[in-house]
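Enquirer: Let me give you the structure first, and then I'll get to my questions.
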Amino acid sequence: FLYDDSDFYQLLLRKVIASEAAGAYGDGGGGGGGEGGGSNGVGAGPRDLALLRAARQRNRKVVDRRASKGRRLRFTVHDKLVGFVAPVPEDTPPALNELIAGLFGNSCPTHA
427 FLYDDSDFYQ LLLRKVIASE AAGAYGDGGG GGGGEGGGSN GVGAGPRDLA LLRAARQRNR
487 KVVDRRASKG RRLRFTVHDK LVGFVAPVPE DTPPALNELI AGLFGNSCPT HA
């Protein structure tokens, strides 16, 4: 499972851009070298983190957790057959057996 924190960084980037546009930096803009200062208003507060959690819960996919590892049967329903007729067994006439016996020889060798 990969942790996706892209929306957190997008929020931070928006705050940096908004603070630069408002002139929140004391060095005349630029934004370079701001690695050690915590007074630039970029940090995410508890309200921002709560907004991020709420956004993640809204975007969560609906996944059936029990469907993995073969615990759920997967099948597709077929359409009804159109024009299907079950085979009707035909009665064989008794003379047919005599005909076949006469054609192929009804002589069974006897074991003596």
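Going letter by letter, the sequence shown gives residues 427 to 538 in this note's numbering. We put the CB at the ideal spot given by N, CA and C, even for glycine. Bear in mind the structure is a predicted one, so any value in this text is a computation, not a measurement.
Do you know offhand how far D474's Cα is from L439's?
Expert: Cα-Cα distance, rounded: 13 Å.
Enquirer: The alpha helix (DSSP H) that contains D474, what's its start and end?
Expert: Residues 472–484.
Enquirer: Give me the Cα-Cα distance between D517 and K495, rounded to the nearest whole angstrom.
Expert: Roughly 51 Å between the two C-alpha positions.
Enquirer: At the level of alpha carbons, what is the spacing between P472 and K487?
Expert: Looking at the two C-alpha atoms, the distance is approximately 25 Å.
Enquirer: Rounded to whole angstroms, what is the Cα-Cα separation between L478 and Y429?
Expert: L478 and Y429: Cα-Cα distance of roughly 13 Å.
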